[in-house]
Structures are given as structure tokens and as C-alpha cells.
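K.L.:
Here the protein sequences come in this chain order: A and B.
FYI, in my numbering the residues of the first sequence are 3 to 260.
FYI, in my numbering the residues of the second sequence are 3 to 260.
Glycine included, every Cβ here is placed at the ideal spot set by N, Cα and C.
Structure below; questions to follow.
Protein chains: 2
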Amino acid sequence: MLGHIARRLGHQMSNGLKGMNLPHVLTKETHRHLQSPFDTICPVSMMSLWPFSGKPQDFSQPNSSWSPEMVRLYEHYNALCDAENENGEKKRGPWRKLPSYDRTIKYATGGVHLSKLVQAKARLFTRCIEEEGAAFEYVAFLNKVEKTCVCVFQAGHLLEGAPGHLHGGAIATMIDTVTGTLAGYLSGPVMTAYLNTNYRSPVPLGSVLLIHCALDRIEGKKIFVNCKVTSSDESKLHTEAAALFVSINIGPLFGTQS
Amino acid sequence: MLGHIARRLGHQMSNGLKGMNLPHVLTKETHRHLQSPFDTICPVSMMSLWPFSGKPQDFSQPNSSWSPEMVRLYEHYNALCDAENENGEKKRGPWRKLPSYDRTIKYATGGVHLSKLVQAKARLFTRCIEEEGAAFEYVAFLNKVEKTCVCVFQAGHLLEGAPGHLHGGAIATMIDTVTGTLAGYLSGPVMTAYLNTNYRSPVPLGSVLLIHCALDRIEGKKIFVNCKVTSSDESKLHTEAAALFVSINIGPLFGTQS
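What follows is the structure, encoded as C-alpha cells:
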């Protein structure tokens, strides 16, 4: 259970400001799991951390808005998650599909600036539009051995910049999300320090893209991640980016002592 | 009329991929106006360029979701748009409020990649959420003499990254939008080449921010713009950015010869 929760938390934490240390809520043992989300299942129940009723919806599951190309790529990477060993037995490979929810867990005091009403309505930016296919459709896979992350992203019609084309800010949003996901998994809670984005060619709305992220290096608290956004067949480079994330704890973020 | 349409077009063009040359639709005379959107009114009616019924809604007008601070800043900059001369007469100063619509005008073949159905549903990314106050509430003012642009931005609850805080991608989206607006007004249709964003301190959801953009330099087709995002009283620096835009024509964007 904890393994599941930890993976969920780990992914949520890697969105936006990429999570935080959880000194007020989590035990040391739990925190160790958060920083190693691939660890085996822990018997400690942590369901009370999830503040909403029912099981959260994983928005990175296929839906009817996904184009055949999107589904094909999803199935390709999903198949890599269950590899077989030489005896033909199922065995977990280095790849993991990352779930994706529409809310960061209220595990910390993050809503302190908001009224109770607004806290309840707050949604993760990349999952805030409910209509399937209208905005960000994406699913991310992480390779813990190669320290890479690949995201299959279908750009919906509400993400328009120039007529018929994807807004540069929407591309930056996905790059920040995916690079941050990788950095968060490798180093625990992180925050974006910089994001340098080079736009090479415009992206038609409706396109399916691959967002490839790879760890460049870790220097102390600094995690450097590189990123390329290509067409789904990888023949066309649309965007390149370099991002720096910094490991943080919750203190500075919420104005309390760390 | 044309002056109005040209300003409208000019602002729309400066969003996302920041507009384009319009060889197939616009006359040379019209195009001159697009590149000089502050010119006086031209007698030629261009209403046929607007493909939707009725007058488009300017989403940068105050609404009930705007906080008192947002309204105060709006009124401050709006007052600068109507300056008085020494005789106490109303006189247009260097400041202009820029209107903001939820769709780029279908003046070109931008929807060529989309089905007719999706073309009709496509919306500008920063204006795609209808609920007032939920996402991007903003109004931009441009100073043609100083070659600067300032945007008052209220961050809604659907733009969440870490709990209670603005997503880094949402900040990048606004920076791309406002720096591109300035570049587009100064040099006609442009496209983002790079956007380098440094995140200095996290932004609580619900904050009102000022996004200050200033022309750095123009080198041929390259327009370099700097940007700072601060708290509404300008005491706190949240984000710094440098952007490069390149003047374009419509050809390369849509795969036709320029």
C-alpha cells in the first residue's frame, strides 16, 4: 500500500514546484519510500494521506480522445514495463508507467494561501480541463536504470497559440512537468530553478509528440535534466530544453523554517 | 475601423507563435497597418476578417473575480492611457491597453491541420477556460515610447503546481504571451525562438503579479526581450526571463513557400 501511495505522492510531487519534504506529516520511514518510489510494498497503511473520497482517477489511462498513434505509443511503452526473463516468466523491467492525478495531495500546508472553497477547487494545471482530448493528454514512463523519462503527449485544441498550432507556453508546461517528474524521482522533492527552452519548429494542434528527458548530472542539491520534444516517429525535432531543479524541503516554500 | 481591427489582429498575432505575415488575405496597405497598430483609423472596412458572429469579447476587462489589488492596478495603468496635456485637454499618451480575445483570428490557413469541428472549438491557451477567475486573468498595457509592456496577472486556482502554488509552466505561458505581445507590436509577426526562465521564488495561487517586459535590442529579424515577474507592489521578484523572437512570414509556418 505504501509503495502505491509513495509512487502516487512521488509523481504528484514532481509536478509544478516538484514536491517538498514532508516533515509534519510523514514519518522518516515513509519519507525514505518517497525518495525511493520503486521500493517494494510496505505494510503501513497510508490511505489517510489521500484527502478525497474514493480512489483517485489516473488521468494517464487511454480514453476515447486518444488517436491511434497515441494509443500505439502508449502500448509500446506499456509493454516495456512488463519484461520477460530468459525462462519466459514475467519480470519487472526498468520501465514504469507513472500515474497522473488532477490534484496535488494536501499532505502539506500548501493551501494556506487559499480559502477553503478555493482549496477544494484547486487543480493541477495540466489536468484542470475535464473534457477528454481538449487540452493535455499525456502519459509518462520512467526508466530507473537509464535515468530517463519519456512522455507521450497529444496536444488538444484548447492549447492554441497561432491558429492551429500549439502555444509555446503549453510546450514549456509539459517540459517542466516531465523534466520535473524525472528530477523528483531521482532526488526527492525538487523545485524548478531554471527552464531554458528552444523552439525549433511549430507543432500543429492535435499532434502526438514524444517528450524525452534524461538526467545530465547531479551536483549536490542540483539536478540538471535535458529534454527533447519530437514528432511521434522521432524524425522531427520540435523543441529542446535544459532544466535545473534544486532539492528542497518544505520550509522555504511556505515561509516556515526548514 | 481598420485601426481597431489592426490592433485586434496585432494583439492576437502576438500570442502563441506571435502571428504571421498575411499575404493571402491582407492587402499591402492593411499589412502596413498591422505592423504599425497605433496608426490612425483607415476608412477601409475589414470586418469580414473577423469570422465569428457579433463583436468579440475582450477578456481583459474587469470581472467579478478580480481582486481589489487587480482592479487597483488595472485602473492605475488604464488611467495612464488617457493623459492630459498642459491645457487640461484629453490627449492620448504613450500607453495603450491591449484587448485580448479567446481565439486567434482565422486570417490564415492555421487550422489546416484540424477538422472543421476542432477548428471551431480551438481556443487561445490563455483564454480557454471560461470560468472567471479560475485560470489566467490578465490585462496588458503597452508603452510605445519606452518599448515596454506591463501585464497585471491574477493566478487562478486551476493553475496549480505544488499545493497552493502556481505551476512553473503557467508562469512560462504568461511570460511567453506578454514578451511575444511586445515583440509582435514592435516588429510585426514573430515566433518564439527561445525562452529562458529563471524561477526565483514560488507564487501562491490567487496572487496578483506584475509582468514587466522591455525590449533589449533588435538585430535584423531578431527581437530580444527581457522580462521580470514581481509581486503586485514590485517588492518581490518571482521570475526573470529572457526571450528571443524572430520575425517570420506565414510560409515556413504552414509549409508553403515564403
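Going by C-alpha distance, which of THR232(A), ARG125(A), ASP178(A) and LYS230(A) is nearest PRO58(A)?
P.N.:
Nearest option by C-alpha distance: ARG125(A).
K.L.:
Under 6 Å Cβ to Cβ from ALA174(A), same chain only, skipping five residues before and after it: list those, please.
P.N.:
Here the set comprises THR199.
K.L.:
Using the DSSP secondary-structure output, state which residues sit across from VAL120(A) in a beta bridge.
P.N.:
The partner list for VAL120(A) (beta bridge, DSSP) is empty, contrary to what the question assumes.
K.L.:
Pull the bridge partners of ASN228(A) from the DSSP assignment, please.
P.N.:
Beta-bridge pairing links ASN228(A) to ALA216(A) and ALA244(A).
K.L.:
When you compare each of THR128(B), PHE155(B), GLU148(B) and SER249(B) to MET267(B) by their alpha carbons, which one comes out closest?
P.N.:
For residue 267(B) there is no data in the structure shown, the boundaries of chain B being 3 and 260.
K.L.:
Got a sec? Which residues, its chain only, sit under 8 Å from LEU75(A) by beta carbon, not counting five neighbours each side?
P.N.:
Closer than 8 Å at the Cβ level, and outside the excluded window around LEU75(A), lie VAL154, VAL210, LEU212 and SER234.
K.L.:
Does DSSP put SER189(B) in a helix, a strand or coil?
P.N.:
The answer is helix: DSSP assigns SER189(B) an H, G or I state.
K.L.:
Going straight from the alpha carbon of SER102(A) to that of GLU133(A), what length do you get?
P.N.:
Looking at the two C-alpha atoms, the distance is approximately 16 Å.
K.L.:
Could you please give me the residues that DSSP links to GLU221(B) through a beta bridge?
P.N.:
DSSP output for GLU221(B) lists LYS224(B) as bridge partner(s).
K.L.:
Is there at least one Cβ from chain B nearer than 8 Å to GLY90(A)'s Cβ?
P.N.:
Not an interface residue.
K.L.:
LEU168(A) by DSSP, collapsed to three states: which one?
P.N.:
Correct three-state label for LEU168(A): strand.
K.L.:
Could you tell me the alpha carbon to alpha carbon distance between TYR140(B) and ASN65(A), rounded to whole angstroms?
P.N.:
Cα-Cα distance, rounded: 33 Å.
K.L.:
CA-CA distance, THR232(B) and LYS238(A)?
P.N.:
Each residue's Cα considered, the two are about 37 Å apart.
K.L.:
Looking at chain B, is there any beta carbon in it that lies within less than 8 Å of the beta carbon of ILE225(A)?
P.N.:
It does not: the Cβ of ILE225(A) has no partner Cβ on chain B nearer than 8 Å.
K.L.:
Going by beta carbon distance, what residues of the same chain come within less than 6 Å of ALA185(B), once the five residues before and after it are set aside?
P.N.:
Contacts found: VAL192, ILE225, VAL227 and PHE247.
K.L.:
In this structure, how does DSSP classify TYR1(A) when only helix, strand and coil are distinguished?
P.N.:
Missing from the structure shown is residue 1(A); chain A here goes from 3 to 260 and no further.
K.L.:
Give the residues from the segment 130 to 141 of chain A that approach chain B closer than 8 Å (Cβ to any Cβ), ordered along the chain.
P.N.:
Listed by position along the chain: CYS130, ILE131, ALA136 and ALA137.
K.L.:
Below 8 Å on the Cβ atoms is my contact criterion, and I expect ASP178(A) with GLY171(B) to pass it. Report the Cβ-Cβ distance as a whole number of Å.
P.N.:
Going by Cβ atoms, the distance from ASP178(A) to GLY171(B) rounds to 4 Å, so yes, they are a contact pair.
K.L.:
Express the C-alpha separation of GLU71(A) and VAL2(A) in angstroms, rounding to a whole number.
P.N.:
This structure leaves residue 2(A) out entirely; chain A is present only between 3 and 260.
K.L.:
Within 10 angstroms of the Cβ of HIS26(A), are there 16 or more other Cβ atoms? Answer buried if so, exposed if not.
P.N.:
Legend: pLDDT at HIS26(A) = 31, less than 50; position of this residue unreliable, value from coordinates given subsequently. So HIS26(A) ends up on the exposed side.
K.L.:
Less than 8 Å separating the beta-carbons of ARG98(B) and LEU144(B)?
P.N.:
Result yes, Cβ atoms of ARG98(B) and LEU144(B) sit closer than 8 Å.
K.L.:
Can you give me the C-alpha to C-alpha distance between ARG129(B) and GLU91(A), rounded to a whole angstrom?
P.N.:
Whole-angstrom Cα-Cα distance: 51 Å.
K.L.:
Can you list, in chain order, the residues of its chain with a C-beta nearer than 8 Å to that of LEU168(B)? Leave out the 5 residues immediately preceding and following it.
P.N.:
The answer, listed in chain order, is ALA157, LEU161, GLU162, PRO204, VAL205, PRO206, LEU207 and SER209.
K.L.:
With DSSP collapsed to three states, give me the class of PRO206(B).
P.N.:
Strand.
K.L.:
Taking the straight line between their C-alpha atoms, what separation do you get for ARG298(B) and GLY135(B)?
P.N.:
In the structure as shown, chain B begins at 3 and stops at 260. Residue 298(B) is therefore absent and cannot be evaluated.
K.L.:
Measure the CB-CB distance between CYS215(B) and THR150(B) and report whether it falls below 8 Å.
P.N.:
Yes; because the gap between Cβ atoms is below 8 Å, this pair is in contact.
K.L.:
Whole angstroms are fine: how far does the CA of LEU217(B) sit from the CA of THR241(A)?
P.N.:
Between THR241(A) and LEU217(B), the C-alpha separation is close to 24 Å.
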